[in-house]
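Comments concern the structure below.
Chains as they are written, first to last, in this note's numbering: chain L, 9 to 119; chain W, 450 to 564.
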């Protein structure tokens with residue numbers, strides 16, 4: 009079983025719809041990251057959170073440490089939100105900080 | 450602030466050839482990572498440097514992959530000889546650890562195609 013599971017793998021939405029992407033994990037973490045990757049592009053960090061909820065523009069990320077679950081929400085989705093969204097876990101072993109990545113969710117927002 | 454720079458952006462080689470990738474991290478970032486991302490999967494850590502020392506290279510195929518970070522700044526990743534299954538995007542990232550939480554900054558990646 010993978011340490012990080014994302015769902016859905018693929019998601020197609022119409023412009024304006026509310027989007028939810030889920031991430032479940034099975035290990036202890038220091039923090040959870042939500043990342044965005046556009047086709048052919050590098051990866052951009054959206055959120056890094058260890059508890060509660062964070063909001064940036066139309067993006068909201070929540071985490072429930074007890075349930076080992078996080079969600080990324082996009083309100084009023086737009087075609088420019090089309091990208092792969094990746095959940096990643098920070099774990100620490102001494103001074104060595106590692107990221108473990110999910111496989112990503114491919115989001116396509118149609119106009 | 451300049452981001453993480455990588456070159457080349459694209460490379461096509463034949464199997465059994467050699468290839469090298471270059472990464473320049475954000476100024477002052479002590480930690481540098483090389484990831485391999487195969488199509489449809491999340492990135493996989495190949496090697497992590499702290500300054501110019503290797504912290505983790507447990508998933509680096511050492512029979513064909515090598516990496517160095519001279520003077521604790523720029524880094525190169527080499528594949529010699531390449532195999533078809535090495536076709537992937539190679540991502541470089543850097544970070545400045547602060548307390549127990551950190552954020553990695555990624556470069557644009559190098560897309561390698563091995564034919």
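Glycine included, every Cβ here is placed at the ideal spot set by N, Cα and C.
Please report how far the alpha carbon of residue i lies from the alpha carbon of residue j, in whole angstroms.
| i | j | result |
| --- | --- | --- |
| residue 471 of chain W | residue 523 of chain W | 7 Å |
| residue 513 of chain W | residue 483 of chain W | 15 Å |
| residue 60 of chain L | residue 30 of chain L | 15 Å |
| residue 81 of chain L | residue 71 of chain L | 12 Å |
| residue 18 of chain L | residue 114 of chain L | 5 Å |
| residue 76 of chain L | residue 464 of chain W | 42 Å |
| residue 497 of chain W | residue 486 of chain W | 15 Å |
| residue 65 of chain L | residue 453 of chain W | 25 Å |
| residue 543 of chain W | residue 491 of chain W | 17 Å |
| residue 12 of chain L | residue 78 of chain L | 11 Å |
| residue 548 of chain W | residue 462 of chain W | Confidence is the limiting factor: at residue 548 of chain W the pLDDT is only 45, short of 50, which leaves the residue's position unreliable, though a coordinate-based value still follows. Cα-Cα distance, rounded: 42 Å. |
| residue 507 of chain W | residue 41 of chain L | 23 Å |
| residue 475 of chain W | residue 53 of chain L | 15 Å |
| residue 10 of chain L | residue 109 of chain L | 10 Å |
| residue 73 of chain L | residue 99 of chain L | 14 Å |
| residue 495 of chain W | residue 509 of chain W | 5 Å |
| residue 489 of chain W | residue 536 of chain W | 12 Å |
| residue 456 of chain W | residue 55 of chain L | 27 Å |
| residue 68 of chain L | residue 28 of chain L | 9 Å |
Report back the beta-carbon spacing between residue i and residue j to the nearest angstrom; my notes put them in contact at under 8 Å.
| i | j | result |
| --- | --- | --- |
| residue 468 of chain W | residue 540 of chain W | With a Cβ gap of about 15 Å, residue 468 of chain W and residue 540 of chain W do not count as contacting. |
| residue 96 of chain L | residue 57 of chain L | Rounded, the Cβ-Cβ distance is 12 Å, inconsistent with contact. |
| residue 559 of chain W | residue 538 of chain W | 7 Å |
| residue 119 of chain L | residue 23 of chain L | 5 Å |
| residue 85 of chain L | residue 21 of chain L | 5 Å |
Quick check: does the Cβ of residue i come within less than 6 Å of any heavy atom belonging to the ligand ZN?
| i | result |
| --- | --- |
| residue 457 of chain W | This structure does not include the ligand ZN; it has no bound ligands of any sort. |
Take residue i as the anchor and find which of the options has the nearest alpha-carbon.
| i | options | result |
| --- | --- | --- |
| residue 45 of chain L | W:564, W:556 and W:563 | W:556 |
| residue 478 of chain W | W:563, W:545, W:552 and W:554 | W:545 |
| residue 553 of chain W | L:14, L:23, L:111 and L:107 | L:107 |
| residue 112 of chain L | W:493, W:521 and W:459 | W:493 |
| residue 481 of chain W | W:502, W:490 and W:461 | W:502 |
| residue 520 of chain W | W:499, W:531 and W:526 | W:499 |
| residue 89 of chain L | L:40, L:68, L:98 and L:117 | L:117 |
| residue 14 of chain L | L:93, L:119 and L:98 | L:93 |
| residue 531 of chain W | W:518, W:511 and W:474 | W:511 |
| residue 91 of chain L | L:110, L:38 and L:51 | L:51 |
| residue 527 of chain W | W:517, W:458 and W:451 | W:517 |
Note down, one range per segment and in chain order, each beta strand (DSSP E) of at least 3 residues found wholly within the segment 517–563 of chain W.
524–528, 537–544, 553–555 and 559–563
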